[in-house]
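I have placed the structure first, in the form of structure tokens, so that the comments after it can refer back to it.
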Amino acid sequence: MAGTRRIIIDTDPGQDDAVAIMLALASPEIDVVGITTVAGNVPLALTQKNARKVCELAGRPDIPVYAGADAPLERKLVTAEYVHGKTGLDGPDLPEPKMELQDGHAADFIVETLMAAEAGTITLCPLGPLTNIALALQKEPAIARRIREIVLMGGGFFEGGNTTPAAEFNIYVDPQAADIVFRSGIPITVMPLDVTHKVLTKAARVAAFRNIGNRVGVAVSEMLSFSERFDEAKYGTDGGPLHDPCVIAWLVRPELFKGRDCNVVIETQSELTLGMTVVDWWGVTKRPKNAHVVRDVDDDGFFALLTERLAALP
Ligand code: BDR
Ligand code: CA
Numbered sequence: 210m211a212g213t214r215r216i217i218i219d220t221d222p223g224q225d226d227a228v229a230i231m232l233a234l235a236s237p238e239i240d241v242v243g244i245t246t247v248a249g250n251v252p253l254a255l256t257q258k259n260a261r262k263v264c265e266l267a268g269r270p271d272i273p274v275y276a277g278a279d280a281p282l283e284r285k286l287v288t289a290e291y292v293h294g295k296t297g298l299d300g301p302d303l304p305e306p307k308m309e310l311q312d313g314h315a316a317d318f319i320v321e322t323l324m325a326a327e328a329g330t331i332t333l334c335p336l337g338p339l340t341n342i343a344l345a346l347q348k349e350p351a352i353a354r355r356i357r358e359i360v361l362m363g364g365g366f367f368e369g370g371n372t373t374p375a376a377e378f379n380i381y382v383d384p385q386a387a388d389i390v391f392r393s394g395i396p397i398t399v400m401p402l403d404v405t406h407k408v409l410t411k412a413a414r415v416a417a418f419r420n421i422g423n424r425v426g427v428a429v430s431e432m433l434s435f436s437e438r439f440d441e442a443k444y445g446t447d448g449g450p451l452h453d454p455c456v457i458a459w460l461v462r463p464e465l466f467k468g469r470d471c472n473v474v475i476e477t478q479s480e481l482t483l484g485m486t487v488v489d490w491w492g493v494t495k496r497p498k499n500a501h502v503v504r505d506v507d508d509d510g511f512f513a514l515l516t517e518r519l520a521a522l523p
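Residue numbering for the sequence shown is 210 to 523, as defined by the numbering used here.
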């Protein structure tokens, strides 16, 4: 289709990652050229398997899925089974995937795809720790000028952190990788907690997914009913934040969101605030604007889009 965005999704599924992947696969505006997986919510052996389960659930076993980093660049892996469950995708009972994992490392797939494609045509969509993206930039710095844009879920500023008081999970897990990405000069759009905490899986919205009447709708309602429990208890809200699908919704319907260009620096030194995204929202420094930071969303419009698109899947 004319104007189709070619994307690579880098991910650590994760129920919200799964919904993001399915939103992309259901959207005619988007062409998913591959899915690369990273250790994050759960270890790599599970995230790569979960990505394949999600592709099969969506009826797309043709999507190439790669495994990448099994640990952050410099730190020990921190996982989040307390949110996502033992498998990382607790909730529905999905079959073991039949589609094979591709040979080769995720970072090599990213490099090779970018070097082979026309410059400025591939968008990277990281939904987990940024380890694979940083590794790709280290392996082949020339990719920086070939990437159309990075649209990522990570960070938080007015909202604070969800893993420490200062840091959001994806950035906290691999702050060194995040630092490399934010210093890369690549155009970056950020979906931080400030926006994802406005996109809540309220009971009526989860019921609407189930009522679509397809297998994807049922599985999504089971995934979200599981993963929202932790955040509902923590924040006292009806539903939990649906983080990662914001990245894909931004590509499909940017008018649903509002943000501004800012300087963003990642804290890599302080033990207290490690992984903090220091966002200069008010422009109080002269540091260059290196990211478009999103803060607001039309949440009803977001869920209408998601429900409509998931209905197109099996
Ligand atoms: C991020 O961390 C993960 O648990 C979610 O999948 C999301 O990418 C939110 O902090
Ligand atoms: Ca994720």
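Idealized CB from N, CA, C, for every residue including glycine.
Is there at least one non-hydrogen atom of ligand 2 closer than 6 Å to the beta-carbon of residue i?
i       : result
Leu-336 : yes
Asp-312 : no
Asp-221 : yes
Asp-299 : no
Asp-388 : no
Asp-226 : yes
Taking 7 Å as the threshold (beta carbon to beta carbon), is residue i in contact with chain E?
i       : result
Glu-283 : No chain E appears in the structure shown, which is made up of a single protein chain.
My understanding is that residue i touches residue j, with C-beta atoms under 8 Å, so please give their C-beta distance in whole angstroms.
i       : j       : result
Leu-323 : Arg-355 : 5 Å
Thr-246 : Asp-221 : 7 Å
Val-399 : Val-503 : 7 Å
Asp-405 : Pro-374 : This sequence places Thr at residue 405; Asp is not what is there. Actually they are not in contact, since the Cβ atoms of Thr-405 and Pro-374 sit about 17 Å apart, beyond 8 Å.
Gly-243 : Phe-318 : 6 Å
Leu-522 : Ala-267 : 5 Å
Asp-279 : Ser-436 : Contact flag wrong, Cβ pair sits at about 23 Å.
DSSP three-state call for residue i: helix, strand or coil?
i       : result
Val-456 : helix
Gly-337 : coil
Met-308 : coil
Pro-384 : helix
Val-247 : coil
Pro-281 : coil
Pro-497 : coil
Phe-366 : coil
Could you check if residue i belongs to the surroundings of ligand 1, using beta carbon to heavy atom distance under 6 Å?
i       : result
Asp-453 : yes
Phe-153 : No information on residue 153 is available, as it lies outside the stretch 210 to 523 that the chain covers here.
Phe-511 : no
Asn-250 : yes
Phe-378 : yes
Ala-371 : Note that residue 371 is Asn in the sequence shown here, rather than Ala. Checking the Cβ of Asn-371 against ligand 1 gives yes.
Met-324 : no
Examine ligand 3 and report whether any of its heavy atoms sits within less than 6 Å of the Cβ of residue i.
i       : result
Ala-289 : Absent from the structure shown: ligand 3. Ligands present: ligand 1 and ligand 2.
Check: How do the region 296-310 and the region 332-352 stand: do at least 3 beta-carbon pairs fall below 8 Å, yes or no?
Finding: no
Check: Any chance the region 425-437 sits against the region 381-388, with 3 or more Cβ pairs inside 8 Å?
Finding: no
Check: Is it true that the region 513-520 meets the region 231-239, where meeting means three or more beta-carbon pairs spaced less than 8 Å apart?
Finding: yes
Margin query: With three or more C-beta pairs closer than 8 Å as the rule, is the region 447-462 touching the region 215-230?
Written below: yes
Next item on the list: Flag this pair as touching only if the region 472-484 and the region 368-383 have three or more C-beta atom pairs under 8 Å; answer yes or no.
Entry: yes
Next item on the list: Indicate whether the contact test is met: 3 or more Cβ pairs, each with one atom in the region 251-258 and one in the region 283-299, closer than 8 Å.
Entry: yes
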